[in-house]
Each structure stands twice: as C-alpha cells, then as structure tokens.
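What follows is one structure encoded as structure tokens, with my remarks underneath.
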Amino acid sequence: ERVIKTEPCMNRRDLPEVSLVSFRQAGDGCGACVILMFIAASCVVVLSMVALVFVVAGQRGKMRSHRRCSAGAGRSEVILTGLCVANVLLGVGVLADSACHVNGRELWAGACMIGFGLIASLIHIGVLAFGGFIAVKFPFGCGEINPGFVVAASVIVWLLSVLPALTIRYNFNVFLIVLFSLLLVSNVVITCVYSYIIFHIRCSNQSKHKSKLSPGQPSASLWYSKEQKEQQNKVTAFCFSIVISYVVSTMPSVIWYLTHYEQSFTPYSGSVMESLLFILLISRSLADPMIYIFRERIHKKFTYLHSKFALKSEKVSSTISSTGEVEEMKPCMEEEKFEP
Numbered sequence: 001e002r003v004i005k006t007e008p009c010m011n012r013r014d015l016p017e018v019s020l021v022s023f024r025q026a027g028d029g030c031g032a033c034v035i036l037m038f039i040a041a042s043c044v045v046v047l048s049m050v051a052l053v054f055v056v057a058g059q060r061g062k063m064r065s066h067r068r069c070s071a072g073a074g075r076s077e078v079i080l081t082g083l084c085v086a087n088v089l090l091g092v093g094v095l096a097d098s099a100c101h102v103n104g105r106e107l108w109a110g111a112c113m114i115g116f117g118l119i120a121s122l123i124h125i126g127v128l129a130f131g132g133f134i135a136v137k138f139p140f141g142c143g144e145i146n147p148g149f150v151v152a153a154s155v156i157v158w159l160l161s162v163l164p165a166l167t168i169r170y171n172f173n174v175f176l177i178v179l180f181s182l183l184l185v186s187n188v189v190i191t192c193v194y195s196y197i198i199f200h201i202r203c204s205n206q207s208k209h210k211s212k213l214s215p216g217q218p219s220a221s222l223w224y225s226k227e228q229k230e231q232q233n234k235v236t237a238f239c240f241s242i243v244i245s246y247v248v249s250t251m252p253s254v255i256w257y258l259t260h261y262e263q264s265f266t267p268y269s270g271s272v273m274e275s276l277l278f279i280l281l282i283s284r285s286l287a288d289p290m291i292y293i294f295r296e297r298i299h300k301k302f303t304y305l306h307s308k309f310a311l312k313s314e315k316v317s318s319t320i321s322s323t324g325e326v327e328e329m330k331p332c333m334e335e336e337k338f339e340p
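Under my numbering, the very last position in the sequence shown is 340; numbers go up by exactly one each time.
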C-alpha cells in the first residue's frame, strides 16, 4: 500500500521540477560550474559593451577635433569592433543556453547557442570585409594579396571556430573528433596569419616607403613615416595579444577532447573538468576588451622587446658588413649573452 501511495506523488513532482533538481543537486560541483559560466557570460557582455562605447566615443572625439585617423589605428579599431560585437552575441547565446537548460528546454538551448554563434561569426566577417583589413604583401617579392582571398580565409576560419558549438547536443564520436580537429586547424591558420602580419608587414611597408623617398623630399614625410611605424607597432602588439589569448584559452579544451574522444564535450554532463574547460573557452572573450583597456602597457612592453631585438640584429649585420665574414660574428654574439 505504501508503494501505491508514493508513486503518484513522485509522478506529480517529477514533471515540472526535474530540470531544477538536476541543476541544483548535480554532483561534484557541476551546478557551481554552470553558475560560474553564467557569470562569465554576463561579464563578457558587459565588458564588450563598455569597449564598444569607448571605441564609439573615441571616433566621435576624433570627428569633433577634425583629426584624421591613421591606417594603423583604423585597423585596430576594426578588429576590436568585430571582436566585441561577436563576443556580445556569444555571451548572450551562452546566457540563453544556460537559461533554457535550467528550464528543461534542451532543443531550444542548442538552437540558441548555434544561432548566436553563427550570427556572431557573420557580423565579424562583415566588419572585416567592409573595414579594409587587407593590403599586406608577401616577403618573397610576390604581388599583393587579393582582398577576396583575405575575406574568404576569414570566413573559413571563423565558421570553423563556430562549428564546435554544434557538438553540444550530439553524441557521434567521429563527428566530434572531426569538428575539434577542424578547430585545431583553424587555430593554426589564425596563428599563422597573425604571425605573418606581425613579422612581415612592417618590413615590407618600410622598404616600400624608403624606395619612394627622394633626396629633396621634405622632412614631413619622415615624420609621417615615424607615426606610421608607431601605429603599425600598436597593431602588431594588438594582434599578438589576441593570438596569445586565443591559443591559451582554446588549445586546452581541444587537447583534452582529442585525448578523451569517447566522451561528449558539454558543460551539463556533470564533469567538473568539462565545465571548467567550457568556462575557459568563454573567458577568451573576456581577453579582448581587457587587451583594449591595457593596450598602452602592452604596446610599451612590445616596443621594448622589439627595439632590443632590432638592436641585436643591427649589431650582427654591421659586423658582417664590416668584416665580410660570418665567423667574426661569434665573439659579438657571446658578448651579447652577458649584457644585463
């Protein structure tokens, strides 16, 4: 008789409260990880909106003072605008995904994550396409890169970065391995593209500018070249910081999943490690506005390292040009090691 009395009570309470009970009573701190993910997504939305406000305010200030924006500043603002818009939509998608999961609407949760991720990637691609983020040149004497090639590469890379969102609601192991392998390839592509910009765009622009200078050219052009070099250094430091934040926050989850391919990667599986790795993926969006906030300190550190490396390379090249032998370079390199 006791069994017959308790069964209807269990059926009445299970239907409306099954998702809330599973969320609150999840073992090993899974509920706390979901709360942390919710907080991280909220911080992403707030900080990205603040960064967008600062960018818009800076542009309006330049328009009021009738100052012309240089190419380097325009590129950094285009990159930052696209990243902040994408991060805002990513944070909104994570918030909607968490809310739908708590309310027991699993299908809507997956649709929110995938939909906001695709919208974010398309907006970012549009900002890059219409922002003029092109005009780089190969260091091997080739012609300029086709703008369509740059836009197509950005489309492929950002769509591959969004594809792992599709794996949240699927359990096909081979499909998950392929998607995370594509994410790994996209990380390598992003790293190579930004590394190319970092190490070659300044050299090509400086050599091109020096070839166009004439003996009777006024000193204003030299002042402009110094200003242009300063803006290029800022863009280089900005891109390098984005690469570091992207790789550090994305690679651990990719490596973990490739070593645990038999498990599904989802923040709601009950595993604390999977939830923490997913929070690390979301925290990458926190790095973009923080890079903008601390951009001056990053630029000063990057300028110090770049000038130190350039000084060493100039000493080595002057030694080779004066002696004409490579063997004379060895004592100079040994002395450099003991410099403070």
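By construction, the Cβ of each residue, glycine as well, lies at the ideal position given by its N, Cα and C atoms. Computed from a predicted model, the values in this text were never measured in an experiment.
- Taking 7 Å as the cut-off, the Cβ atoms of I244 and M37 do not count as close.
- Residue environment analysis places V248 among the exposed positions, since fewer than 16 neighbouring C-beta atoms fall within 10 angstroms of its C-beta.
- Comparing alpha-carbon positions, the option among L276, G93 and V55 lying closest to V34 turns out to be L276.
- Annotated three-state conformation of S271 is coil, per DSSP.
- The closest CA to that of A32, considering only I291, V272, S283 and L281, is found on V272.
- The beta-carbon distance between L95 and S42, rounded to whole angstroms, is 7 Å. This is short enough to meet the 8 Å contact definition.
- Exposed is the label assigned to T259, since fewer than 16 other Cβ atoms lie within 10 Å of its Cβ.
- At least 7 Å separates the beta-carbon of V45 from that of G104.
- The Cβ atoms of I282 and A51 do not sit closer than 7 Å to each other.
- Distance from the CA atom of G93 to the CA atom of A57, rounded to whole angstroms, is 27 Å.
- Distance from the Cα of R297 is smallest, within the candidate group S241, P252 and V53, for S241.
- Setting aside the 5 residues that flank it on each side, P252 is surrounded in the same chain by L277 and L280, each with a C-beta closer than 7 Å to its C-beta; the list follows chain order.
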